[in-house]
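Residue numbers (the UniProt record's numbering): 1 to 752.
Report on the structure given below.
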């Protein structure tokens with residue numbers, strides 16, 4: 001489970017995977033493979049393209065697969081039709097411009113080169129995506145006929161013959177077999193070769209043909225125009241062969257229907273003919289379940305496994321696959337979730353209230369004032385960074401309503417995730433798949449192929465942590481008694497035991513051990529779990545030391561680096577946190593948490609221009625959230641880009657789905673009114689903030705200041721007192737009340 005929700009490399013085309021692949025380009029290539037098959041081939045004098053049309057439904061007409069470009073050129077497509085239309089318009093424009101400037105047709109090779117340059121742009125810029133379409137371009141110029149193939153990767157080839165699209169392998173096999181025959185073919189024979197190549201792919205009733213050549217403009221044959229080319233093809237076999245001789249055809253007609261084949265018939269051909277008579281070949285049920293599992297269709301995979309187990313209850317492979325499918329539906333990376341309900345209510349995990357300064361994330365400490373603008377609200381409490389962390393309430397601040405209440409309330413909310421994930425799959429079944437009470441855990445502990453899936457099922461799906469802990473202890477004991485050294489297995493079960501102890505609230509049993517097993521593992525899960533244990537009992541310095549020890553073993557692990565940066569931020573050390581986040585971006589340029597936190601730091605240190613760069617980068621990566629738009633609006637406000645403020649605020653209001661988030665957006669919109677001198681707009685925005693969230697102390701304070709400016713002293717004083725009652729740590733409300741009391745000669749109230 002350690003690899004779930006780790007770094008992904010398919011966010012944009014500028015990110016390379018460790019294997020040297022660009023996944024966005026590969027996805028576009030898959031779109032080409034999903035399109036209907038199409039073929040291009042040429043002779044010495046002509047070039048022809050043949051395409052199979054496809055209808056999206058029975059109620060719609062067939063889509064056009066062949067698109068004319070100029071009088072001497074046309075193309076056929078496989079993939080996304082919308083992308084093909086865009087590229088065809090570009091190619092037509094290039095041909096028209098060249099014909100207008102030089103009064104001659106544009107050479108085919110030059111047009112394909114320009115098209116390749118246009119496709120290349122989309123593979124180099126993060127704000128673009130590759131075109132999900134493949135083209136076969138047929139043309140004729142002074143150099144003769146041409147067949148060009150273009151790919152989403154911006155590569156193009158001058159081909160003698162080519163087939164692209166779904167199930168085009170059989171067509172390519174035919175083209176390779178008869179390649180030497182194409183050069184001397186006439187137009188009719190050339191088209192017939194293309195039709196024969198497509199016969200093993202799909203029927204020919206919905207075929208389109210495009211031909212261009214010497215003394216012939218590009219011509220498209222559709223519907224009734226293809227009948228002359230199809231004549232006689234129905235007498236050929238389905239293997240793309242030539243028409244049968246007349247004597248053989250007559251002999252076949254004399255064979256009665258259903259008669260057994262002659263003894264001298266080739267057995268291989270007999271098997272092939274028998275297979276062709278079956279339109280659907282049933283797949284092995286277990287192989288079907290495996291295919292569904294690889295496609296992450298876990299619900300159908302579990303259903304197929306249930307059918308297998310209904311027929312054969314001893315099918316261990318189907319049982320294990322169903323357990324894994326049910327687990328994958330609800331599995332999550334619990335190394336990022338800091339605590340559960342058991343932890344918040346456990347007596348042994350009660351936190352000390354007298355921690356030394358700088359050693360606790362719960363006890364409020366003064367922040368380091370190395371930079372003038374670093375005294376800012378924590379990035380978890382308000383929509384400042386746009387990153388939601390599954391964190392405990394140690395970051396509390398005056399800008400979060402939940403954090404201003406009791407600490408236990410925020411912790412109970414964190415435990416809801418564990419409860420919901422643990423019961424998600426059981427809500428869809430009439431009864432549980434496994435009766436845990438009747439399980440013999442000692443028997444399963446010795447079955448190496450079944451014990452891990454069973455543990456994960458008990459831990460994630462059933463939520464029976466005690467049974468999962470018992471199974472982990474027995475499996476660990478069994479692996480330690482084996483004659484061979486199973487270090488990897490032992491480390492897995494040590495990790496599993498730590499997970500269970502954390503869920504049960506027995507964190508100190510983990511931290512009291514003196515073993516360095518978490519360093520000996522081949523992955524960073526042990527480091528993350530050990531550091532998580534220290535964070536739960538509010539020992540961030542010990543957790544920081546664990547992270548640093550793990551960083552020596554895994555020097556480029558961005559998850560460990562992110563954990564170090566979070567601890568620095570909680571300890572009010574923003575410079576160290578930002579420098580660590582910058583190191584994260586060196587190894588993972590698409591890490592959204594690092595970019596968001598660095599942007600927030602730049603904003604609060606008086607560098608909104610740099611913050612705007614990072615927030616726009618998040619927007620270009622596809623993170624369209626209310627927080628990002630609101631932050632962009634505030635950065636535009638600081639940089640005097642007023643034309644962008646209102647559209648960003650409107651987008652943020654549209655995307656805000658939670659009341660607390662909507663209230664924060666209106667609160668920031670009020671500051672836009674203050675900056676532009678529209679006090680009425682600011683007052684209305686803050687009134688909306690209080691209507692949505694009555695406990696918003698900052699909006700209450702600002703409304704009190706506006707009331708004082710307008711001369712409504714009693715109303716302003718009441719609002720300031722209400723703001724202070726909502727949040728006793730709000731410095732602005734205290735200073736405003738102190739100044740107001742000083743003006744009224746109420747000296748005793750000035751001492752608050």
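Don't be surprised by glycine CBs; every beta carbon is placed ideally from N, CA and C.
| To which residues does DSSP link residue 68 through a beta bridge? | As a position in the chain shown, residue 68 is number 68, starting the count at 1. In the DSSP output, where bridge partners are listed per residue, residue 68 has 74.
| said: Let me confirm a value: residue 162 is counted as buried when at least 16 other C-beta atoms fall within 10 Å, else exposed. Which label applies? | reply: Within the chain shown, residue 162 is the residue found at index 162, counting from 1. Classification of residue 162: buried, given that the 10 Å Cβ count is 16 or more.
| query | For residue 692, which option in 667, 706, 725 has the closest C-alpha, if you only look at C-alpha atoms? | reply | Position 692 of the chain shown, counted from the first residue, corresponds to residue 692. Looking at the Cα atoms, 667 is the closest of the given residues.
| Which one or two residues does DSSP pair with residue 147 in a beta bridge? | In the chain shown, residue 147 corresponds to position 147, counting from 1. Answer is 138, 159, bridged to residue 147.
| query | Is there a Cβ from chain D that is less than 8 angstroms from the Cβ of residue 580? | reply | The chain labelled as chain D is not found in the depicted structure, where only one protein chain is given.
| request: Give the secondary structure of residue 15 by DSSP, where H, G and I count as helix, E and B as strand, and everything else as coil. | output: As a working mapping, residue 15 is identified with position 15 in the chain shown. Residue 15 falls in the coil class under three-state DSSP.
| task | Determine the direct distance from the alpha carbon of residue 70 to that of residue 98, and round the result to whole angstroms. | result | Counted from its first residue, the chain shown places residue 98 at position 98. Counted from its first residue, the chain shown places residue 70 at position 70. Their Cα atoms are separated by approximately 11 angstroms.
| request: Tell me whether residue 29 sits in a helix, a strand or coil according to DSSP, three-state version. | output: Taking the first residue of the chain shown as position 1, residue 29 is located at position 29. Residue 29 falls in the helix class under three-state DSSP.
| query | Hey, out of 719, 12, 40, whose CA is closest to residue 135's CA? | reply | Mapped onto the chain shown, residue 135 falls at position 135. Of the candidates 719, 12, 40, the one whose C-alpha sits nearest the C-alpha of residue 135 is 40.
| query | When burial is assigned at 16 or more other CB atoms within 10 Å of the CB, is residue 256 buried or exposed? | reply | Stepping through the chain shown from its first residue, residue 256 is reached at position 256. Residue confidence for residue 256 is low, a pLDDT of 46 falling below 50, so the modelled location carries little weight and cannot support an answer.
| query | Opposite residue 208 in the DSSP bridges: which residues? | reply | If you number the chain shown from 1, residue 208 lands on position 208. The partner list for residue 208 (beta bridge, DSSP) reads 51.
| message | Quick check: the segment 535-549 against the segment 499-508, are at least 3 beta-carbon pairs closer than 8 angstroms? | response | yes
| task | Let me know if residue 192 comes out buried or exposed under the rule of 16 or more other beta-carbons within 10 Å of its beta-carbon. | result | The count along the chain shown starts at 1 and reaches residue 192 at position 192. The residue in question, residue 192, is buried, as its Cβ has 16 or more Cβ neighbours within 10 Å.
| query | Quick one, are the C-beta atoms of residue 756 and residue 220 less than 8 angstroms apart? | reply | No answer is possible for residue 756: the residues shown for the chain start at 1 and end at 752.
| The alpha helix (DSSP H) enclosing residue 221, as first and last residue numbers | To locate residue 221, count along the chain shown from 1; it is residue 221. Counting along the chain, residue 221 falls outside any alpha helix (DSSP H), though it belongs to the beta strand (DSSP E) covering 216-221.
| request: Under 6 angstroms Cβ to Cβ from residue 324, same chain only, skipping five residues before and after it: list those, please. | output: Locating residue 324 in the chain shown gives position 324, counting from the first residue. Same-chain partners within the cutoff: 453.
| field | Short Cβ contact (8 angstroms threshold) for residue 526 with residue 500 | value | Within the chain shown, numbered from 1, the residue matching residue 526 stands at position 526. Within the chain shown, numbered from 1, the residue matching residue 500 stands at position 500. Not closer than 8 angstroms, so no.
| said: Restricting to Cα atoms, I'd like to know which of 609, 718, 629 is closest to residue 639. | reply: For the purposes of this step, residue 639 is taken as the residue at position 639 of the chain shown. Nearest of 609, 718, 629 to residue 639, Cα basis: 609.
| field | Rounded straight-line distance, which links the Cα of residue 151 to that of residue 13 | value | Along the chain shown, read from residue 1 onward, the residue named residue 13 stands at position 13. Along the chain shown, read from residue 1 onward, the residue named residue 151 stands at position 151. Spanning the two alpha carbons is a distance of roughly 15 angstroms.
| task | Enumerate in chain order the residues of its own chain whose CB-to-CB distance from residue 107 is below 6 angstroms, with the five nearest sequence positions on each side excluded. | result | Along the chain shown, one-based indexing puts residue 107 at 107. Same-chain partners within the cutoff: 141.
| request: Enumerate, from N- to C-terminal direction, the unbroken alpha helix (DSSP H) stretches of 4 or more residues contained entirely within the segment 628-672. | output: 645-655
| Nearest-angstrom Cα distance between residue 51 and residue 181? | Residue numbering aside, residue 51 sits at position 51 when the chain shown is read from its first letter. Residue numbering aside, residue 181 sits at position 181 when the chain shown is read from its first letter. If you take the alpha carbons of residue 51 and residue 181, they lie about 21 angstroms apart.
| message | Once the 5 residues before and after residue 563 are set aside, which same chain residues still bring their CB inside 8 angstroms of it? | response | Locating residue 563 in the chain shown gives position 563, where the first residue counts as 1. The residues are 528, 531, 543, 547.
| Do residue 302 and residue 132 come within 8 angstroms of each other at the CB atom, strictly closer than that value? | Counting from 1 along the chain shown, the entry for residue 132 is found at position 132. Counting from 1 along the chain shown, the entry for residue 302 is found at position 302. No.
| request: Can you grab the Cα-Cα spacing for the pair residue 654 / residue 661, in whole Å? | output: Here residue 654 is taken as the residue at index 654 of the chain shown, counted from 1. Here residue 661 is taken as the residue at index 661 of the chain shown, counted from 1. Taking the straight line from one Cα to the other gives about 11 angstroms.
| query | Which of the three DSSP states, helix, strand or coil, is assigned to residue 726? | reply | Counting from one through the chain shown, the residue named residue 726 turns up at place 726. Note: residue 726 maps to helix in three-state DSSP.
| said: Short of 7 angstroms in beta carbon distance, which residues of its chain neighbour residue 715, apart from the five on each side in sequence? Order them along the chain. | reply: One-based indexing of the chain shown puts residue 715 at position 715. Result list for residue 715: 707, in chain order.
| Cβ neighbour criterion (16 or more within 10 Å) applied to residue 477 | Numbered from its first residue, the chain shown carries residue 477 at position 477. Looking at its Cβ environment, which holds fewer than 16 other Cβ atoms inside 10 Å, residue 477 is exposed.
| message | Please tell me whether residue 154 and residue 123 are closer than 8 angstroms, where the distance is taken between their beta carbons. | response | Numbered from its first residue, the chain shown carries residue 154 at position 154. Numbered from its first residue, the chain shown carries residue 123 at position 123. For residue 154 and residue 123, yes; Cβs fall inside 8 angstroms.
| task | Just the C-alpha distance for residue 277 and residue 190, rounded to the nearest angstrom, thanks. | result | In the chain shown, counting from the first residue as 1, residue 277 sits at position 277. In the chain shown, counting from the first residue as 1, residue 190 sits at position 190. Low per-residue confidence applies at residue 277: pLDDT is 43, beneath 50, and the placement is therefore not dependable, though the value from the model is reported in the following sentence. The alpha-carbon atoms of residue 277 and residue 190 are separated by roughly 30 angstroms.
| query | Among 314, 306, 304, 459, which residue has its Cα nearest to the Cα of residue 333? | reply | Numbered from its first residue, the chain shown carries residue 333 at position 333. It is 459.
| Between residue 395 and residue 570, what straight-line distance do the alpha-carbon atoms span, to the nearest angstrom? | To locate residue 395, count along the chain shown from 1; it is residue 395. To locate residue 570, count along the chain shown from 1; it is residue 570. The predicted model places residue 395 with a pLDDT of 35, which falls under 50 and marks its position as unreliable; any figure quoted below should be read in that light. Between residue 395 and residue 570, the C-alpha separation is close to 6 angstroms.
| field | Under 8 angstroms between C-beta atoms of residue 611 and residue 635 | value | Residue mapping note: residue 611 aligns to position 611 of the chain shown, counting from 1. Residue mapping note: residue 635 aligns to position 635 of the chain shown, counting from 1. Cβ distance < 8 angstroms, so residue 611 and residue 635 count as in contact.
| query | Rounded to a whole number of angstroms, what is the C-alpha to C-alpha distance between residue 731 and residue 598? | reply | Translated into positions along the chain shown, residue 731 becomes position 731. Translated into positions along the chain shown, residue 598 becomes position 598. Cα to Cα, residue 731 sits roughly 26 angstroms from residue 598.
| field | Anticipated Cβ contact below 8 angstroms, residue 318 with residue 289, distance rounded | value | In the chain shown, counting from the first residue as 1, residue 318 sits at position 318. In the chain shown, counting from the first residue as 1, residue 289 sits at position 289. That pair is a contact at about 7 angstroms.
| query | What residues match up with residue 546 in a beta bridge as DSSP calls it? | reply | Locating residue 546 in the chain shown gives position 546, where the first residue counts as 1. Its beta-bridge partners do not exist; DSSP assigns none.
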